[in-house]
Amino acid sequence: MNPESPFYNRIAQRWSCTKKSIFAEMTALANMHNAVNLGQGYPDFYGPEKVLQCISRQVLSCHNQYAPLAGEGRLRNQVSHFTKKTTGVNYNFETEITITSGASEGIYSVINAFVNPGDRVLVFEPAFDLYYQAIANAGGTVVPVRLHAPDTPVGLANGNTWTVDWSEFDALTISGFSLIILNSPHNPTGKVFSEEELDRIASAVLKNDALIVSDEVYENLTYDNTHFVSLANLPKIQHLVVRVSSAAKTFGFTGLKVGWVCAPSRLTEAVRLVHQATVFCVNPSTQLGLADAMEDETWLDTYLQTQKDDYTEKRNYLKLILERAGYLVSPPQGTFFLTANYEPLAGDILDTIYARNLIETRRIATIPLSPFYVEPPKILSWVRFAFCKKKETLDAVADLFLNT
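Residue 465 in my numbering sits at position 123 of the sequence shown; the count goes up by one each step and never skips.
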């Protein structure tokens, strides 16, 4: 095609604000410099062998044709039991649970099911970039709600944590909104919203006759006796909550791409329409293999506790490494990420420049936080490290930081 043609490299306007993924950029740079990659959030080790064995058996024995649009009934049934144990909410597996191609497709389907052009959508930022992309595709308007960093006046006043200024939140909700996206435990900060904070959010949703997408993919990864509460567990707002979670974080296999959306039946019907028009269904052998594994409740309970203990140890180890290297570290309450302030080491240079320099000079890859904002703060000396890595990987980071 002629490069001067108006159709050359043309992209629909709703996608024009979408930039190249910072994750892809940092990973490519890490590969170029043979760096240790603590940027992308995926384990560099296998999840439980039992899950692989169950899926393998299903590959050779199940129907291997289109799965039901809503998902294989056996997996939806297990998700219902699992969600009841983790959130206290009882979802009907026939009418209120949909299996999606990962949590990402679930979130995309939910946003596009309920957001109309011009709708205001509240997003707590820094935020996962998929939210912005899905909102743009639906024609909505992002309304950022700032989580103030631990080194800001708001953060310092609240115990050096990532914190919402609730007067700002109230001012933003005065103009109304149709949807709010909450991620707790929160990527990238590791914040777990308290029950009091959830109640304030729920009250605003009710006042504005809005809906809420509760992204809870890290629900099983909390630390220091932090009490995780699902928004779906608040009785006054249950009928307005669409809850999203995933097998990827639960079982440590991000490549499985199996997620689930739980919501009241009237909301589920809308989500399924968009899901039907995007991927239609999810690989049946993976779904049935996961169902086989989850049906063994004794194994599942033991695995989840072991996983949490393992990640707690990795979190503490990486925190110690970074603090010895001179960072100010914000210990996460949840997820497998921690954020670290590099200002004591490099001053107030741009986080994207710092992250690139870290790869080139120390051969350690991380993720700058500014791409997680619509308009990042002028001074943002924070980067995100992933600790979902082998002990040997973290040992290598220790050596690069402390012995070179």
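Backbone N, C-alpha and C define an ideal beta-carbon position, used for all residues, glycine too. Nothing here was measured: the structure is a model prediction, and the numbers come from that model.
Please classify residue i: is it buried, with 16 or more other beta-carbons within 10 angstroms of its beta-carbon, or exposed?
i    : result
L662 : exposed
H581 : exposed
S517 : exposed
I449 : buried
M343 : Unreliable placement is indicated for M343, whose pLDDT of 47 sits below 50; the coordinate value is still reported in the next sentence. That one is exposed.
A513 : exposed
Y474 : buried
T564 : buried
Y350 : Note on Y350: pLDDT 49, under 50, position unreliable in the model; the coordinate value appears next. Flag for Y350 reads exposed.
N525 : buried
E438 : buried
M368 : buried
P495 : exposed
F622 : exposed
G594 : buried
T640 : exposed
H617 : buried
D566 : exposed
Q675 : buried
R299 : Examination of residue 299 is not possible in this model, given that the chain is present from 343 through 746 alone.
K765 : For the chain, the structure presents residues 343 to 746; residue 765 sits outside this window and is missing.
N434 : exposed
T360 : exposed
T440 : buried
I721 : exposed
I579 : buried
G430 : exposed
First and last residue of the alpha helix (DSSP H) that includes residue i?
i    : result
G381 : Segment: none, G381 is in no alpha helix (DSSP H) and carries neither H nor E.
A546 : E537 to K549
T735 : K733 to L744
V401 : E391 to S403
T442 : That residue, T442, is in no alpha helix (DSSP H); its beta strand (DSSP E) goes I439 to T442.
E702 : D693 to R704
A366 : I364 to M374
For residue i, list the residues DSSP reports as bridge partners.
i    : result
R585 : S556 and C604
W641 : For W641, which the question treats as bridged, DSSP gives no partner whatsoever.
W724 : N683
G676 : T564
N625 : Its beta-bridge partners do not exist; DSSP assigns none.
I453 : Answer is none; I453 lacks a bridge partner.
R462 : T483
N658 : DSSP, once it has assigned bridges, lists no residue as partnering N658.
I707 : Residue 707 is actually Ala in this sequence, not Ile. The partner list for A707 (beta bridge, DSSP) reads N379.
N525 : D557
In terms of residues, what are the limits of the beta strand (DSSP E) holding residue i?
i    : result
F424 : Where F424 is concerned, there is no enclosing beta strand (DSSP E), although the alpha helix (DSSP H) it sits in stretches over G415 to T429.
V671 : L670 to S672
Under 8 Å from any heavy atom of the ligand ADP, does the C-beta of residue i make it?
i    : result
N373 : Among the components modelled here there is no ligand, and therefore nothing to report on the ligand ADP.
In chain order, each beta strand (DSSP E) run of at least 3 residues that lies wholly inside the segment 464 to 523 | 483 to 490
Decide yes or no for the touch test of the segment 381 to 393 against the segment 629 to 644: beta carbon pairs closer than 8 Å, at least 3 of them.
-> yes
Should the segment 702 to 712 be called in touch with the segment 654 to 663, which here means at least 3 C-beta pairs below 8 Å?
-> no
Spell out a yes or no on whether the segment 545 to 555 and the segment 517 to 527 are touching, meaning 3 or more CB-CB pairs, one atom from each, closer than 8 Å.
-> yes
Does the segment 467 to 481 come close enough to the segment 638 to 655 to have 3 or more Cβ pairs within less than 8 Å?
-> no
Given 8 Å as the limit, is there contact between the segment 732 to 741 and the segment 377 to 386, that is, 3 or more CB pairs closer than that?
-> yes
The segment 584 to 593 contacting the segment 370 to 380, beta-carbon criterion three pairs below 8 Å = no
Is the segment 672 to 689 touching the segment 536 to 543 in the sense that three or more CB pairs, one from each, lie closer than 8 Å?
-> no
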